[in-house]
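Peer 1: Here's a structure for you.
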Amino acid sequence: MNAGADVLLEVDGIPISVPDGANVAAAVARATQTFRRAVGGGLRGPLCGIGVCFECRVRIDARAHQRACMVLARPGMRVQTRG
Amino acid sequence: MAERYDVLVCGAGPAGLAAAHAAASHGARVGLIDAQSRPGGQIWRHDLRFGAGRAARRAIAAATRGAQWLGGAQIVAAEPGELLVERAEGAAHLGYERLVIATGARELLLPFPGWTLPGVTGAGALQALVKQGWPIAGRRVVVAGTGPLLLAVAAGLRNHGARLLVILEQAPAPRVRRFAWGLAKTPRTAAQALRLRLELAGIPYRYGEFVEAAHGDGRLQSVSIRTPRGLAHLECEQLAVGYGLVPNVELAELLGCRLDRSGPHAAVATDARLRTSLPGVYAAGEARGVGGAAAARIEGRIAGLGACGQEAAAARLAGAQRGARRFAARVAGCFSLDRRLYALATPETIVCRCEDVPLGGLAGFDDGRAAKLATRCGMGACQGRICGDILAALGRYAQPAAAAPLFPVQLSTLSDP
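Heads up: the protein sequence lines correspond to chains A and B, in order.
Basically this note's numbering = 1-based index in the first sequence + 86.
Basically this note's numbering = 1-based index in the second sequence + 4.
Structural data, given as structure tokens:
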């Protein structure tokens, strides 16, 4: 099972806990289905899961356009979606 | 930061790991880079609950013992003898004598009405997400698309507690059965396939069926399934749908390596010793055309040996490499796509998800550059990777060539001397 302790972070102000080694996408998915809003207004979430499509991009610790699937969840991270 | 390597390997999947291990074990100073934070690539991606399989653990241990591991490194720009990469700690220039392109492949994602809804992902995509903690326990999942990958994905999702409703294989039953019989000649693969099939016992595995549309209000709630008997409807929270793989050739293209454009998707062209058209640059695995993990491992070894001057040892692997590629060609033949899948998108269906360009908006264009300038199709953050693969599969036109920066970057990376 999980090797380490759970990681506590914040998604849109909501405290979220994920297993150690989880990525930010896993944390966001526990808070909302919507990661971003497309230019036409549609709601979007991860598509490719491997850093190619950029559909899962979110703001992490004030850095915009980070791919949630490519970044490991770290304690105290503040993640913002554009839902 | 600037480093120099005798051999620099790009991509830490089966091919890259084998290349790094082979070169390092002959005394070369080897760098192994990957965009992911852990080695393994896609097929050997670490599962935070179940770890990695034995083959993966061995390959990773062997490669990282001898080579310098540089994870989380996104290649931004490349020129002969040097790569510019971006890592969390900043930009780095990596110099090399020999380069091995082991950049692997990505999934082919075909558009259909509703495919932009949150909850719709690629098939390998959902597997990758779940391995890194995506909540799936208790969720109703439909797995669809084509190929042996669907079984592996389904088994993985089930191990993580997903409520797997059905697996939809688009290939017709007689073709898949012929393929399964052919597996009897390669017992190890047959055993693997059989094990997966057994793990999934009780879960319907349907042939000749595909998802025609996804529905939901702001998120996936149901799918329409085209069956030989008509249209069926199924409620679900996740749809994992993948139609095969597409080689990642952007790095090779940026360097100026010759590409093989004989198929719908470009692949890196090499000679039998896996040398590209550029001196000192090798390519191995899926980047040369999708051939599976077994071929990738052998080719990685061939490239790694060649890159450190072990030509005779590399040549001895030629027979095994050809055998693995022959098997991959049989797989591809069995799981070739039903033409109806290319006609699922309506004029309103979005093709370029970055810029929200619908298929109808591209009517009349037969040139990628003209379409891009007029509609912004392919101009977004993914740089035309997703829509480019689609338009190539649909036989519309090829995307304009890859250019630096290969991925969106921090300005500081580009200004770093």
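C-beta atoms are modelled at their ideal positions from N, C-alpha and C, and glycine is treated no differently.
#1: Check each candidate in B/Val11, B/Tyr9, B/Gly17 and name the one with the smallest Cα separation from B/Ala291.
#2: Which of the three DSSP states, helix, strand or coil, is assigned to A/Met87?
#3: Taking the alpha carbon of B/His97 as the point to measure from, which residue in B/Gln325, B/Leu249, B/Glu7 has its own alpha carbon closest?
#4: I need the DSSP call for B/Trp73, collapsed to helix, strand or coil.
#5: Is the segment 79 to 86 of chain B in contact with the segment 175 to 184 of chain B, if contact means three or more CB pairs nearer than 8 Å?
#6: Could you check which residue in A/Arg164, A/Ile102, A/Ile136, A/Ala91 has the C-alpha nearest to that of A/Asp147?
#7: Spatial neighbours of A/Ala159 within its chain, please: C-beta separation below 8 Å, excluding the five flanking residues on both sides.
#8: Between which two residues does the beta strand (DSSP E) harbouring B/Gly35 extend?
#9: If we count the other Cβ atoms within 10 Å of its Cβ and call it buried at 16 or more, is B/Asp275 buried or exposed?
#10: Excluding the five sequence neighbours on either side, which residues of its own chain have a C-beta within less than 7 Å of the C-beta of B/Arg223, listed in chain order?
#11: Answer with yes or no whether the minimum CB distance from A/Thr167 to chain B is below 8 Å.
#12: Please determine, among B/Ala333, B/Leu398, B/Pro232, the residue with the shortest C-alpha to C-alpha distance to B/Gly355.
#13: If you check the beta carbons only, do A/Cys139 and B/Cys386 fall under 8 Å apart?
#14: Could you have a look at B/Tyr447 and say whether DSSP puts it in helix, strand or coil?
#15: Check for me: the alpha helix (DSSP H) holding B/Gln435 runs from which residue to which?
#16: Whose C-alpha, out of B/Ala24, B/Gly76, B/Gly206, B/Arg167, is nearest the C-alpha of B/Val146?
#17: May I ask you to report which of helix, strand or coil DSSP gives B/Ser41?
#18: Once the 5 residues before and after B/Phe369 are set aside, which same chain residues still bring their CB inside 6 Å of it?
#19: In chain A, which residues lie with their C-beta within 9 Å of the C-beta of B/Asp38?
#20: Whole angstroms are fine: how far does the CA of A/Gly126 sit from the CA of B/Ala60?
#21: Tell me which residues share the same chain as B/Gln171 and place their Cβ nearer than 6 Å to its Cβ, disregarding the 5 neighbours each side in the sequence.
#22: Cβ closer than 7 Å: which chain A residues qualify as neighbours of B/Trp138?
#23: Closest by CA to B/Ala418, which one among B/Ala407, B/Leu88, B/Ala39, B/Leu12?
#24: Kindly give me the distance between the Cβ atoms of A/Leu133 and B/Leu113, rounded to whole angstroms, as I take these residues to be in contact under 8 Å.
#25: Would you mind giving the Cβ-Cβ distance between B/Gly15 and B/Gly45, rounded to the nearest angstrom? I have them listed as a contact below 8 Å.
#26: Return no unless some Cβ of chain C is closer than 8 Å to the Cβ of B/Pro122.
#27: What residues from chain B crowd round A/Gln119, counting only those whose CB sits closer than 8 Å?
#28: Would you grab the beta carbon distance between B/Leu74 and B/Gln242 for me? Rounded to a whole angstrom, and I think it's under 8 Å.
#29: May I have the straight-line CA-CA distance separating B/Gly304 from B/Ala317, to the nearest angstrom?
#30: Would a C-beta distance cut-off of 8 Å place B/Arg301 and B/Ala22 closer than the cut-off?
#31: On the DSSP bridge list, what partners appear for B/Arg167?
#32: On the criterion of 16 or more Cβ atoms from any shown chain inside 10 Å, does B/Phe116 qualify as buried, or is it exposed?
#33: Output, in chain order, the set of chain A residues within a Cβ distance shorter than 7 Å of B/Glu111.
#34: Please classify B/Leu418: does DSSP put it in a helix, a strand, or coil?
#35: For the segment 353 to 375 of chain B, list every residue whose C-beta sits within 8 Å of some C-beta in chain A, in sequence order.
#36: Please classify B/Ala406: is it buried, with 16 or more other beta-carbons within 10 angstroms of its beta-carbon, or exposed?
Peer 2: Working from what's here:
#1: Start at 1 with the first residue of the second sequence, and residue 291 of chain B comes out as number 287. The shortest Cα separation from B/Ala291 among B/Val11, B/Tyr9, B/Gly17 belongs to B/Gly17.
#2: Here residue 87 of chain A refers to the residue found at position 1 of the first sequence. Low local confidence applies: a pLDDT of 42 at A/Met87 is under 50, so the model's placement there is unreliable, with the coordinate-based value given in what follows. Coil.
#3: To locate residue 97 of chain B, count along the second sequence from 1; it is residue 93. Selected option, being the one with the closest Cα: B/Glu7.
#4: To locate residue 73 of chain B, count along the second sequence from 1; it is residue 69. Strand at B/Trp73.
#5: no
#6: Looking up residue 147 of chain A in the first sequence gives position 61. A/Asp147 has its Cα closest to that of A/Arg164, out of A/Arg164, A/Ile102, A/Ile136, A/Ala91.
#7: Within the first sequence, numbered from 1, the residue matching residue 159 of chain A stands at position 73. So the qualifying residues of the chain are Val93, Leu95, Val104, Ala108, Asn109, Val110, Ala112, Ala113.
#8: Numbered from 1 along the second sequence, position 31 holds the residue referred to as residue 35 of chain B. Here the beta strand (DSSP E) through B/Gly35 covers 34 to 37.
#9: For the purposes of this step, residue 275 of chain B is identified with residue 271 of the second sequence, where counting begins at 1. B/Asp275 should be labelled exposed.
#10: Walking along the second sequence from the start, residue 223 of chain B turns up at place 219. If we look at B/Arg223 and ignore the five residues flanking it on each side, its Cβ neighbours are Leu121, Pro122, Gly123.
#11: Taking the first residue of the first sequence as position 1, residue 167 of chain A is located at position 81. A/Thr167 does not count as touching chain B.
#12: Reading the second sequence from its first residue, position 351 is the one you call residue 355 of chain B. Contrary to the premise, residue 355 of chain B reads as Val rather than Gly in this sequence. Comparing Cα positions, the closest option is B/Leu398.
#13: On the first sequence, residue 139 of chain A is found 53 positions in, with the first residue counted as 1. On the second sequence, residue 386 of chain B is found 382 positions in, with the first residue counted as 1. Going by C-beta atoms, A/Cys139 is nearer than 8 Å to B/Cys386.
#14: Since the first and last residues shown for chain B are 5 and 421, residue 447 of chain B lies out of range.
#15: Because residue 435 of chain B is not part of the residues shown, which for chain B are 5 to 421, the question remains open.
#16: Counting from 1 along the second sequence, the entry for residue 146 of chain B is found at position 142. The shortest C-alpha separation from B/Val146 is found at B/Arg167.
#17: Against the second sequence, residue 41 of chain B aligns to sequence position 37. Three-state result, B/Ser41: coil.
#18: The residue you call residue 369 of chain B lines up with position 365 of the second sequence. Excluding positions up to five away in sequence, the list reads Ala375.
#19: Taking the first residue of the second sequence as position 1, residue 38 of chain B is located at position 34. Correct list: empty, because the minimum Cβ distance to chain A is about 10 Å.
#20: By 1-based counting over the second sequence, the position of residue 60 of chain B is 56. By 1-based counting over the first sequence, the position of residue 126 of chain A is 40. Taking the straight line joining both Cα atoms gives about 42 Å.
#21: Here residue 171 of chain B refers to the residue found at position 167 of the second sequence. The sequence as given places Ile at residue 171 of chain B; Gln does not occur at that position. Correct list, in chain order: Val147, Leu154, Ala158, Tyr209.
#22: Walking along the second sequence from the start, residue 138 of chain B turns up at place 134. Under the 7 Å cutoff, chain A gives Ala111, Ala112, Ala115.
#23: In the second sequence, residue 418 of chain B corresponds to position 414, counting from 1. Residue identity differs from the one stated: residue 418 of chain B is Leu in this sequence, not Ala. With distances taken between Cα atoms, B/Leu418 lies closest to B/Leu88.
#24: As a working mapping, residue 133 of chain A is identified with position 47 in the first sequence. As a working mapping, residue 113 of chain B is identified with position 109 in the second sequence. Indeed they touch by this definition, with Cβ atoms about 7 Å apart.
#25: For the purposes of this step, residue 15 of chain B is taken as residue 11 along the second sequence, with counting starting at 1. For the purposes of this step, residue 45 of chain B is taken as residue 41 along the second sequence, with counting starting at 1. About 7 Å separates the two Cβ atoms, so the contact holds.
#26: Any reference to chain C falls outside this structure, whose protein chains are A and B.
#27: Working through the first sequence from its first residue, we reach residue 119 of chain A at position 33. Pro122, Gly123, Gly222, Arg223, listed in chain order.
#28: In the second sequence, counting from the first residue as 1, residue 74 of chain B sits at position 70. In the second sequence, counting from the first residue as 1, residue 242 of chain B sits at position 238. That belief does not hold up - the Cβ atoms of B/Leu74 and B/Gln242 are roughly 33 Å apart, past 8 Å.
#29: On the second sequence, residue 304 of chain B is found 300 positions in, with the first residue counted as 1. On the second sequence, residue 317 of chain B is found 313 positions in, with the first residue counted as 1. So the alpha carbons of these two residues sit roughly 13 Å apart.
#30: Position 297 of the second sequence, counted from the start, is the residue given in the question as residue 301 of chain B. Position 18 of the second sequence, counted from the start, is the residue given in the question as residue 22 of chain B. Yes, these two residues count as a Cβ contact at 8 Å.
#31: Numbered from its first residue, the second sequence carries residue 167 of chain B at position 163. Looking at the DSSP assignment, B/Arg167 forms a beta bridge with B/Arg144.
#32: As a first step, residue 116 of chain B must be located in the second sequence, where it is residue number 112. B/Phe116 comes out buried.
#33: In the second sequence, counting from the first residue as 1, residue 111 of chain B sits at position 107. What B/Glu111 touches in chain A: Cys134.
#34: What you label residue 418 of chain B is simply residue 414 of the second sequence in a count that begins at 1. Helix, per DSSP.
#35: Ile354, Arg357, Cys358, Glu359, Asp360
#36: Position 402 of the second sequence, counting from 1, holds the residue named residue 406 of chain B. With 16 or more Cβ atoms within 10 Å of its Cβ, B/Ala406 is classed as buried.
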